[in-house]
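Under full-length UniProt numbering, the residue at position 257 of the sequence shown is numbered 257, and the numbers go up by one with no gaps.
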Amino acid sequence: MKKNVVLRTVKFDLELDEEDIVYRNITISNSNGCPENLVVALKCVEEECGSRTAYNKNEFKSKYVIYGEKVLPGEFPWQVKVSCEGLLCGGSVIKSRWVVTAAHCVVVFGAAFRPSQCLISVGSVFLRDSNWIMLKPDFIYVHQHYNEKTLDNDIALLRLSRKLGYSSLVRNICLPRKEHHPGRFPVCVASGFGRTVQDKVSNALLQTRMIIRSNCPGFPGLTHGVICIGTHSGSRYPNVCMGDSGGPLECKASHEDRWTLFGIHSFVAGGSNSSQKLSEYCQTSFATDVYFFVEWIDKTIKSHKIKKN
């Protein structure tokens, strides 16, 4: 029997991905030479998306985002606040330099905001909080076929001016792939700074349980790239309203706590009477179908990588 050969152990920083860079102290085995032809195989594992360090044991108790449960710090660490010239929206971190949101959050009267007019805030769950990490985007990419009137192709990517450092409060959410059929991810949540009463935005990030509907009664002619969402409880009123635009519809499998971005809150349809309760005003809710746009997301990010010196 051959004796075990002790190899010298060293530590080094490993760059995992050209675009989504995460540094870790990785312990490997190393030796001077190759005693007895022993080979050490190394495998690089990408930082796990969609993971979180906190969760609320009372999740999904509430019926509405506008009356929703408060989100704990680190519960949805990919949620961001997108502010452009006073326009408040949500968004999601999908890579350390990339945020996805709704196109209508960064386009007004046919023109996109300049990057200098927008601010991305991450790492907190309170609207007014000094703990936000604030960054400017250096580029804003609106889908080339976005229609401001119909809200078709309502998606935009924001490249951050610097990389985010992942932590318990900041992390990226997974994007859906071919094997990620919504039926395999039955637990869905809408999160955002939803309104508590008309014209008043919640100071706390809120969450509520949602479902992705296979069909949307009263709206038979939905275009590709749009999904209809509703309440898990079967209430006649939806759960997402003004103030939640651009924010995530995140879903996970029943047996694991790893979240995937299936929708970007786009628009609501309902009554027009300003005296209505907000829950009655927002009678049908729609989201951009992220899976439909995954190829566009991948191509856009790949074609706009930061060139190294």
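Note that beta-carbon positions come from the ideal geometry of N, C-alpha and C, so glycine has one too.
Three or more C-beta pairs under 8 Å: does that hold for the stretch 133-148 against the stretch 182-193?
Segment contact: the stretch 133-148 against the stretch 182-193, fewer than three CB-CB distances shorter than 8 Å; contact not assigned.
In this structure, how does DSSP classify Q117 when only helix, strand and coil are distinguished? As a first step, residue 117 must be located in the sequence shown, where it is residue number 117. In this structure, Q117 counts as helix in the three-state DSSP scheme.
* Report all residues from its chain with a CB closer than 6 Å to the CB of S83; omit the five preceding and five following residues, and keep chain order. => Reading the sequence shown from its first residue, position 83 is the one you call residue 83. Result list for S83: L119, in chain order.
Next item on the list: Using DSSP bridges, identify the partner residues of C251.
Entry: Counted from its first residue, the sequence shown places residue 251 at position 251. According to the DSSP secondary-structure assignment, C251 is paired through a beta bridge with C188, T260.
V290 CB to nearest chain B CB: under 9 Å?
Included in the structure is just one protein chain, with no chain B present.
Leaving out five residues before and five after W296 in sequence, what residues of the same chain have Cβ atoms less than 8 Å from its Cβ?
Within the sequence shown, numbered from 1, the residue matching residue 296 stands at position 296. Only residues of its own chain outside the window of five on either side were considered, and among them H143, I155 have a CB closer than 8 Å to the CB of W296, listed in chain order.
Measuring alpha carbon to alpha carbon, tell me which residue in S96, F293, A253, E75 is nearest C188.
Translated into the one-based positions of the sequence shown, residue 188 becomes position 188. The option with the nearest alpha carbon to C188 is A253.
Discussion item. Restricting to Cα atoms, I'd like to know which of T223, D257, K149 is closest to F292.
Written reply: For this step, residue 292 is matched to residue 292 along the sequence shown. Ranking T223, D257, K149 by Cα distance to F292 puts T223 first.
Please name the residue, chosen from F76, E48, E69, K70, that lies closest to A54 on a Cα-to-Cα basis.
-> Taking the first residue of the sequence shown as 1, we reach residue 54 at position 54. The residue among F76, E48, E69, K70 with its C-alpha nearest the C-alpha of A54 is F76.
DSSP three-state call for K95: helix, strand or coil? Position 95 of the sequence shown, counted from the first residue, corresponds to residue 95. The answer is strand: DSSP assigns K95 an E or B state.
Start and end residues, beta strand (DSSP E) containing T231:
Taking the first residue of the sequence shown as position 1, residue 231 is located at position 231. Where T231 is concerned, the enclosing beta strand (DSSP E) stretches over 226-231.
With a Cβ-Cβ cutoff of 9 Å, do C105 and G123 count as a contact? Here residue 105 is taken as the residue at index 105 of the sequence shown, counted from 1. Here residue 123 is taken as the residue at index 123 of the sequence shown, counted from 1. Cβ atoms of C105 and G123: not closer than 9 Å.
Practice problem: Identify which residue in R128, S202, S130, R114 has its Cα closest to the Cα of P137. | Solution: Stepping through the sequence shown from its first residue, residue 137 is reached at position 137. Measuring from the Cα of P137, the nearest candidate turns out to be R114.
* From V290, I227, S266, R159, residue whose alpha carbon lies closest to that of S96 -> If you number the sequence shown from 1, residue 96 lands on position 96. Nearest of V290, I227, S266, R159 to S96, Cα basis: R159.
Within 10 Å of its beta-carbon, does R171 have 16 or more other beta-carbons around it, so buried, or fewer, so exposed? In the sequence shown, counting from the first residue as 1, residue 171 sits at position 171. With 16 or more other Cβ atoms within 10 Å, it is buried.
| query | Can H255 and A287 be called in contact, C-beta distance under 9 Å? | reply | For the purposes of this step, residue 255 is taken as the residue at position 255 of the sequence shown. For the purposes of this step, residue 287 is taken as the residue at position 287 of the sequence shown. Their beta carbons are not under 9 Å apart, which means H255 does not touch A287 by this criterion.
Check: Are there 16 or more other CB atoms within 10 angstroms of the CB of E85, so buried, or fewer, so exposed?
Finding: For the purposes of this step, residue 85 is taken as the residue at position 85 of the sequence shown. Classification of E85: exposed, given that the 10 Å Cβ count is below 16.
Could you give the residue range of the beta strand (DSSP E) that holds S83?
Here residue 83 refers to the residue found at position 83 of the sequence shown. It spans 79-84 - the beta strand (DSSP E) in which S83 sits, taken as one unbroken run.
Length of the line joining the Cα atoms of F219 and V226 = Along the sequence shown, one-based indexing puts residue 219 at 219. Along the sequence shown, one-based indexing puts residue 226 at 226. Cα to Cα, F219 sits roughly 11 Å from V226.
Please confirm whether G263 and V290 have their CB atoms less than 9 Å apart. For the purposes of this step, residue 263 is identified with residue 263 of the sequence shown, where counting begins at 1. For the purposes of this step, residue 290 is identified with residue 290 of the sequence shown, where counting begins at 1. For G263 and V290, yes; Cβs fall inside 9 Å.
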